[in-house]
Every structure is written in C-alpha cells, then in structure tokens.
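Trainee: What follows is a single structure, and I will ask about it in a moment.
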Amino acid sequence: MSSTAELLRTPLYDWHAANGGRLVDFAGWAMPVQYRSIVEEHNATRQRVGLFDVSHMGRLTVQGAAAEMWLDGLATRRAAGTPVGRVRYSLICNESGGVLDDILFTRVTENRFDLVVNASNRAKLLDWFAEHAMADADLIDRTEATAMIAVQGPGAVEMVASLADADVASIRYYRSGEANIAGAPCVVSRTGYTGEDGFELIANANQAEAIWKALINLGAAACGLASRDTLRLEAGMPLYGHELRERLNPLHAGLGFAVDFEDADGGRRTFVGSDALLKAREDGSVARRVGLRVEGKRPPREEYRVLVDGRPCGVVTSGTHSPTLGYPIAMAYIEPELTQEGTRVAIDIRGTETPAMVVPLPFYKRS
Amino acid sequence: MNPESLLFAKTHEWVAVAETGGEKVATIGISKHAVEALTDLVFIELPKVGRSVDAEESFCEVESVKAVSDVYSPVTGEVVEVNEPLADQLEVLSDDPYGKGWIAKVKITDETSLAGLMDYEAYEKMCAEEA
C-alpha cells in the first residue's frame with residue numbers, strides 16, 4: 001500500500017484516523033474507504049443514517065454579472081433561467097461531446113453559481129474553465145477552505161433538522177438553502193449519491209468536525225468510499241472514470257435528461273459540445289449503458305467482457321455484490337440492439353461465462 | 368488450530384504440515400489478518416482436487432464486496448482435498464479462519480518452499496509493520 005503521508009487531507013482526516021478509518025489514496029486525497037464492514041455501512045445508510053466525508057470533491061464558485069452566461073455556454077444543462085436555490089445535475093463536455101466531468105451546480109444568487117465537481121477532475125476543469133474564461137465571471141476554488149458532508153438515509157432529514165436553526169426539512173429535492181447546523185453556517189442541499197433522501201452540507205473547513213461529531217452523537221454511522229460506491233451503484237448512478245469518460249458522451253451514457261438542446265423559449269441552445277451531441281443523438285450504432293443482474297454469487301468487475309453466444313458485445317464499467325438485493329449487479333456498455341430489458345447475455349468472470357440479464361436502472365429505488 | 372503452531376506466507380496464507388505414512392500434507396487457509404482486511408466476503412472459487420500447484424502460485428480466489436483476491440499456495444504439490452462447504456458458508460472463513468475455515472490440503476512434493484515461511488511471531492510482526 002502506498003504511503004498516504006503526501007496526500008491532501010480533508011478537515012476530518014484526524015477524526016477518520018482516530019476512529020478506525022482505513023485511509024487510501026483517492027484522487028490525491030487521503031480518504032477513508034471503510035471503517036468497519038462495507039455491508040454494515042451500506043445497510044446503515046439504507047436503514048437509518050449514513051455519514052460521508054466528501055470534502056475531497058471540488059467546490060468552485062463562479063460569480064459576476066456574466067456568471068450565468070458563462071456557465072450556460074459550458075454546461076449541458078440550462079444555467080440561464082435557473083431559479084435561485086435550484087440544484088442541477090449537468091455535464092461539462094468538450095467540443096466532441098465527450099464528458100470532461102459530471103457536476104452539480106446551484107444558483108446561489110442572481111450572479112453566483114456554486115459547482116461541485118469530481119475530485120479526480122478538479123485540476124482538469126480548472127484548466128478548462130481558465131481556457132474559457134469570460135470577463136465578469138470570476139472563478140474561485142473553495143475546495144480546501146470548505147468541507148462537504150453527505151448525510152444520507154431515511155432518518156437523515158429529521159436528524160439534520162434537529163441540529164438546524166432553520167426549517168431545512170422544507171427544502172425540496174434538488175434544492176438548496178442555508179442554515180446553521182450544530183452552530184456552523186452551512187449550505188444545505190437536498191442532494192446525495194446513494195439513492196436515499198438526505199442532505200449534502202457545505203461548511204467552513206474549521207467547523208466540519210463540530211458538525212460531523214454532532215451527527216455521530218445522534219447515531220449517524222460513519223461510512224467510507226466503499227459503501228458510497230455500492231450505494232450509488234444500486235441507485236444506478238454513473239461514476240466518472242467508470243460509466244463516464246472523456247471518450248463517452250452523455251447521451252449514450254443514458255444521461256439525455258441532463259442535456260438541454262433548447263433554451264427556455266424553445267430555440268436552439270449552444271454550449272461547448274452541443275453540435276457533436278446533436279449528431280450523437282442520431283447515431284444509433286454506439287454502445288449504451290445498461291444495468292445487468294448477474295446469476296450466482298460472483299460479482300463482475302470493471303473491464304470484464306460482456307458476451308452473447310461467446311462473442312464480445314460490451315464491457316462492464318462497475319460491478320459489485322448488492323448488499324440490499326443480495327445478488328451481484330453491474331453496469332455495462334453494450335451494443336445498442338442488446339439493450340432491451342430482459343435480454344440474456346453472459347459476463348466473462350475470469351474465464352467463467354456467467355449468465356446475466358439486462359434490467360432497468362436503478363437497481364434500487366427507495367419506497 | 369492454534370495459530371502459534373502454524374507457518375505463514377507473506378501473502379497471508381497459513382500452513383499446518385502433518386505427516387502420515389511418510390507423506391507430508393499441508394492444510395492451507397488464510398490468516399485472521401487477511402480475513403479482516405478483506406471483509407464482506409461474497410464468493411470463493413476453491414481449487415480443484417487433483418490439480419498440481421507450485422509454491423506462490425494462485426490456486427484459489429476469494430471475492431469480497433470490494434474486490435477479488437488471489438490465494439497463493441505456500442507449498443508445491445497436489446491438491447488432495449478442499450473444504451467444499453466453505454462455498455456456501457463463507458462466514459466460516461471469517462468466524463474460524465484457523466479451524467473450520469481451512470481451504471485446501473496439498474500433498475507436498477517439494478519441501479524447499481517450507482523454509483521460506485514465517486512463524487507466527489514473525490508474521491505478526493510483519494502485519495504490525497504493514498498496518
């Protein structure tokens with residue numbers, strides 16, 4: 001195992017190290033992959049409340065009179081006209097329509113948007129945004145000055161509300177507000193990456209531990225990146241570097257909902273990559289993202305081949321044992337004519353052809 | 368089995384050698400450290416009885432929720448018995464790694480690899496340094 005001494009540390013690093021967090025290098029950060037059992041952490045989130053340090057994710061702010069216009073020219077989702085307090089999932093694409101990153105943006109004020117980007121893509125996006133700089137749209141990287149904590153699970157809203165000085169429970173899905181949580185000023189967003197209800201909190205770095213400990217004291221279970229991965233996989237959510245890559249476009253990734261080709265008036269909307277994506281929309285020959293339910297007990301892993309009659313027809317991008325469902329699941333890119341639900345395929349699991357079936361995403365949906 | 372009486376490979380397998388009728392048979396499993404590091408085991412691909420295996424060759428795969436891990440034979444020889452019930456009761460591997468959680472028995476055909484194994488004390492020291 002490589003040394004984690006040279007890595008960036010989140011404001012919660014000391015807590016993780018003191019509380020059994022198994023720390024690994026994740027995109028240049030020392031992050032807890034798990035504290036105890038992945039399955040226990042996973043189940044705690046599905047059944048009660050799971051707590052995730054996601055401070056490694058990039059937090060950027062763009063502000064100024066041109067902030068809206070600037071973001072609208074780069075994001076696949078309409079930034080123009082987005083109401084204050086609304087959070088949107090979007091892609092940032094290159095000219096060929098390839099995904100540079102998937103992000104969340106929030107309209108904080110008329111002239112300010114906050115972005116959350118993947119840790120692994122922060123440097124690349126900062127370069128990209130600098131290349132596409134615009135007067136009166138100033139970009140600030142607030143990643144290291146702030147912390148981000150995800151509180152997820154059926155009890156998450158009630159738990160955060162009990163520590164808040166404002167009515168956070170009335171913040172609706174994919175909307176954002178502000179409140180003091182355990183005395184610390186936070187941006188409170190009704191978002192997450194687990195398929196559960198809950199919040200993501202952004203606070204000043206020096207107040208992260210107070211918030212974290214207050215939630216732990218109320219019974220939230222500290223969860224690492226490993227259970228975050230099994231949770232998001234069950235929820236059918238793509239992960240950059242796996243389901244999303246620079247060579248893939250959002251339409252074939254099944255993320256058409258996050259691409260607005262039209263502006264609010266129904267006119268043609270242009271953003272970096274829009275021409276290429278319009279062409280991609282017509283191209284039916286490209287592999288697409290699907291969910292696979294796998295027989296037996298053996299989980300398929302990334303890069304395992306998908307086969308039909310022994311012929312390679314796709315590749316697994318993420319796979320695991322689903323703790324909630326009790327069987328192995330995977331996401332894969334397969335040939336478009338095989339994407340119909342119920343299609344039988346096989347996965348080459350280290351030399352063993354294992355039967356699998358195309359199933360709808362998400363695998364798990366909270367009731 | 369008392370772990371202090373076992374030999375250990377640096378890849379976290381344990382070995383107990385028994386001699387019957389002039390033949391040495393190694394019972395092989397994986398250490399408590401390994402089981403704890405893997406956590407959340409979901410699948411084991413046991414070796415086939417009758418296969419020949421070289422020391423330090425992968426002859427078994429254990430899958431956890433997180434990843435697939437190879438189990439390496441600490442000895443050279445022929446697999447003469449495997450712990451079939453493990454396939455359906457992986458929790459035995461976690462609950463009793465030095466006893467009911469044994470994985471395979473290998474009839475040793477070349478004893479040289481035994482010399483490279485550690486005793487319990489040396490193994491514990493290695494694990495402490497890795498942590």
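Listed in order, the protein sequences are those of chains F and C. So the first sequence is numbered by our numbering: it starts at 1 and just counts up by one. So the second sequence is numbered by our numbering: it starts at 368 and just counts up by one. Glycine is no exception: its CB is placed at the ideal position from the N, C-alpha and C atoms.
Residues in its own chain within less than 7 Å of alanine 332 of chain F by CB, not counting five upstream and five downstream?
Mentor: Taking the first sequence and counting its residues from 1, the one referred to as residue 332 of chain F is at position 332. Counting only Cβ-Cβ distances below 7 Å, and skipping sequence neighbours, we find Val290, Leu292, Val306, Gly314, Val315, Val316, Thr317.
Trainee: Using the Cβ count rule (16 or more neighbours within 10 Å means buried), how would you classify glycine 58 of chain F?
Mentor: Here the question's residue 58 of chain F lines up with position 58 in the first sequence. Glycine 58 of chain F should be labelled buried.
Trainee: Give, in chain order, every residue of the segment 422-433 of chain C whose Cβ lies closer than 9 Å to some Cβ of chain F.
Mentor: Glu428, Glu430, Ser431, Val432, Lys433
Trainee: Is the segment 34-41 of chain F touching the segment 100-110 of chain F, taking contact as three or more C-beta pairs under 8 Å?
Mentor: no
Trainee: Name the chain F residues that come within less than 9 Å of valine 420 of chain C, Cβ to Cβ?
Mentor: Residue numbering aside, residue 420 of chain C sits at position 53 when the second sequence is read from its first letter. Per Cβ cutoff of 9 Å: no residues; valine 420 of chain C is ~17 Å from chain F at best.
Trainee: Go to glutamine 47 of chain F, then tell me how far its alpha helix (DSSP H) extends in each direction, as first and last residue.
Mentor: Along the first sequence, one-based indexing puts residue 47 of chain F at 47. Counting along the chain, the alpha helix (DSSP H) containing glutamine 47 of chain F begins and ends at 38-47.
Trainee: Name the chain C residues whose beta carbon is nearer than 7 Å to that of alanine 27 of chain F?
Mentor: Position 27 of the first sequence, counted from the start, is the residue given in the question as residue 27 of chain F. Ordered by position in chain C, no residue passes the 7 Å Cβ test against alanine 27 of chain F, which lies about 18 Å from the chain.
Trainee: Which residues does DSSP list as the beta-bridge partners of serine 96 of chain F?
Mentor: Within the first sequence, numbered from 1, the residue matching residue 96 of chain F stands at position 96. According to DSSP, which records beta bridges pairwise, serine 96 of chain F is partnered with nothing at all.
Trainee: Would you say proline 299 of chain F reaches chain C, if we count a Cβ-Cβ gap shorter than 8 Å as a contact?
Mentor: Looking up residue 299 of chain F in the first sequence gives position 299. Yes, proline 299 of chain F counts as interfacial toward chain C.
Trainee: Would you verify that the beta carbon of threonine 320 of chain F is, or is not, closer than 8 Å to some beta carbon of chain C?
Mentor: Here the question's residue 320 of chain F lines up with position 320 in the first sequence. Taking 8 Å as the CB threshold, threonine 320 of chain F lines the interface with chain C.
Trainee: Going by beta-carbon coordinates alone, are alanine 145 of chain F and phenylalanine 113 of chain F separated by less than 8 Å?
Mentor: Translated into the one-based positions of the first sequence, residue 145 of chain F becomes position 145. Translated into the one-based positions of the first sequence, residue 113 of chain F becomes position 113. Cβ atoms of alanine 145 of chain F and phenylalanine 113 of chain F: not closer than 8 Å.
Trainee: May I ask which residues mark the beginning and end of the alpha helix (DSSP H) holding arginine 232 of chain F?
Mentor: Taking the first residue of the first sequence as 1, we reach residue 232 of chain F at position 232. Start and end: 225-234.
Trainee: Is any beta-carbon of chain F found at less than 8 Å from that of valine 409 of chain C?
Mentor: As a working note, residue 409 of chain C is residue 42 in the second sequence. Answer yes: the Cβ-Cβ gap between valine 409 of chain C and chain F drops below 8 Å somewhere.
Trainee: Less than 8 Å between the C-beta atoms of glycine 192 of chain F and proline 362 of chain F, yes or no?
Mentor: Position 192 of the first sequence, counted from the first residue, corresponds to residue 192 of chain F. Position 362 of the first sequence, counted from the first residue, corresponds to residue 362 of chain F. No, the Cβ-Cβ distance between glycine 192 of chain F and proline 362 of chain F is not below 8 Å.
Trainee: Shorter than 8 Å from the beta carbon of valine 435 of chain C to some beta carbon of chain F?
Mentor: Residue mapping note: residue 435 of chain C aligns to position 68 of the second sequence, counting from 1. Yes, valine 435 of chain C counts as interfacial toward chain F.
Trainee: Closer than 6 Å by C-beta to tryptophan 381 of chain C: which residues in its own chain qualify, once you throw out the five before and the five after it? Chain order, please.
Mentor: Here residue 381 of chain C corresponds to residue number 14 of the second sequence, with the count starting at 1. Cβ neighbours of tryptophan 381 of chain C beyond the five flanking positions: Leu373, Phe375, Gly396, Ser398.
Trainee: Below 8 Å CB to CB, which residues in the same chain sit around serine 431 of chain C once its five sequence neighbours on both sides are set aside?
Mentor: The residue labelled residue 431 of chain C in the question sits at position 64 within the second sequence. These residues qualify, in order along the chain: Leu405, Thr406, Asp407, Leu408, Val409.
Trainee: Got a sec, what are the start and stop residues for the alpha helix (DSSP H) alanine 130 of chain F sits in?
Mentor: Counting from 1 along the first sequence, the entry for residue 130 of chain F is found at position 130. Where alanine 130 of chain F is concerned, the enclosing alpha helix (DSSP H) stretches over 122-131.
Trainee: Determine, for threonine 394 of chain C, whether the minimum Cβ-Cβ distance to residues of chain F falls below 8 Å.
Mentor: Reading the second sequence from its first residue, position 27 is the one you call residue 394 of chain C. For threonine 394 of chain C, not one C-beta of chain F is nearer than 8 Å to its own C-beta.
Trainee: Quick check on valine 286 of chain F: does DSSP put it in helix, strand or coil?
Mentor: Taking the first sequence and counting its residues from 1, one reaches residue 286 of chain F at position 286. Reduced to three states, the DSSP call for valine 286 of chain F is coil.
Trainee: Going by C-alpha distance, which of F/Cys186, F/Met134, F/Ala221 is nearest glycine 155 of chain F?
Mentor: For this step, residue 155 of chain F is matched to residue 155 along the first sequence. Closest by alpha carbon: F/Ala221.
Trainee: Indicate whether the contact test is met: 3 or more Cβ pairs, each with one atom in the segment 65-83 of chain F and one in the segment 208-220 of chain F, closer than 8 Å.
Mentor: The answer is no - the segment 208-220 of chain F does not touch the segment 65-83 of chain F, with fewer than three Cβ pairs under 8 Å.
Trainee: Please name the residues in the segment 31-50 of chain F whose beta-carbon is closer than 9 Å to at least one beta-carbon of chain C, in chain order.
Mentor: Flagged, chain order: Val33, Gln34, Arg36, Ser37, Ile38, Val39, Glu40, His42.
Trainee: Short check: CB of valine 359 of chain F to CB of leucine 338 of chain F, under 8 Å?
Mentor: Counting from 1 along the first sequence, the entry for residue 359 of chain F is found at position 359. Counting from 1 along the first sequence, the entry for residue 338 of chain F is found at position 338. It is not a contact, given that the beta carbons lie outside the stated cut-off.
Trainee: Would you check if the segment 147-165 of chain F and the segment 179-197 of chain F touch, i.e. whether three or more CB-CB distances between them fall below 8 Å?
Mentor: yes
Trainee: Grouping DSSP H, G and I as helix and E and B as strand, with all else coil, what is threonine 479 of chain C?
Mentor: Position 112 of the second sequence holds residue 479 of chain C. When DSSP states are grouped into helix, strand and coil, threonine 479 of chain C belongs to the helix group.
Trainee: Is it the case that the Cβ atoms of isoleucine 470 of chain C and leucine 453 of chain C are separated by a distance below 8 Å?
Mentor: As a working mapping, residue 470 of chain C is identified with position 103 in the second sequence. As a working mapping, residue 453 of chain C is identified with position 86 in the second sequence. Yes, the Cβ-Cβ distance between isoleucine 470 of chain C and leucine 453 of chain C is below 8 Å.
Trainee: Under a three-way DSSP split, which group does leucine 405 of chain C fall into?
Mentor: Residue numbering aside, residue 405 of chain C sits at position 38 when the second sequence is read from its first letter. Helix at leucine 405 of chain C.
Trainee: Just to make sure I have the definition right: I need the residues of chain C whose C-beta is within less than 8 Å of the C-beta of threonine 230 of chain F. Which are they?
Mentor: Mapped onto the first sequence, residue 230 of chain F falls at position 230. Within chain C, the residues near threonine 230 of chain F are Val432.
Trainee: Output the distance between the C-alpha atoms of leucine 201 of chain F and arginine 269 of chain F, rounded to the nearest integer angstrom.
Mentor: Here residue 201 of chain F corresponds to residue number 201 of the first sequence, with the count starting at 1. Here residue 269 of chain F corresponds to residue number 269 of the first sequence, with the count starting at 1. Computed Cα separation, rounded: 32 Å.
Trainee: Just to confirm, does tryptophan 469 of chain C get its C-beta within under 7 Å of one of the non-hydrogen atoms of the ligand HEM?
Mentor: As far as ligands go, the structure on display features none, and thus does not contain the ligand HEM.
Trainee: When burial is assigned at 16 or more other CB atoms within 10 Å of the CB, is arginine 172 of chain F buried or exposed?
Mentor: Here the question's residue 172 of chain F lines up with position 172 in the first sequence. So arginine 172 of chain F counts as exposed.
Trainee: Taking C-beta pairs closer than 8 Å, name the residues in chain C that alanine 226 of chain F reaches, listed in chain order.
Mentor: Taking the first sequence and counting its residues from 1, one reaches residue 226 of chain F at position 226. Going along chain C in sequence order, the residues near alanine 226 of chain F (Cβ under 8 Å) are Val432, Lys433.
Trainee: Using DSSP bridges, identify the partner residues of glycine 198 of chain F.
Mentor: Start at 1 with the first residue of the first sequence, and residue 198 of chain F comes out as number 198. According to DSSP, glycine 198 of chain F bridges with F/Gln152.
Trainee: Below 8 Å on the Cβ atoms is my guess for arginine 142 of chain F versus leucine 8 of chain F; work out the distance and round it to an integer in Å.
Mentor: Numbered from its first residue, the first sequence carries residue 142 of chain F at position 142. Numbered from its first residue, the first sequence carries residue 8 of chain F at position 8. Their Cβ separation, rounded to whole angstroms, is 14 Å, which puts arginine 142 of chain F and leucine 8 of chain F out of contact at 8 Å.
Trainee: Would you mind telling me which residues of chain C sit closer than 9 Å to proline 323 of chain F, beta carbon to beta carbon, in chain order?
Mentor: Within the first sequence, the letter at position 323 stands for residue 323 of chain F. Neighbours of proline 323 of chain F on chain C, chain order: Asp407, Val432.
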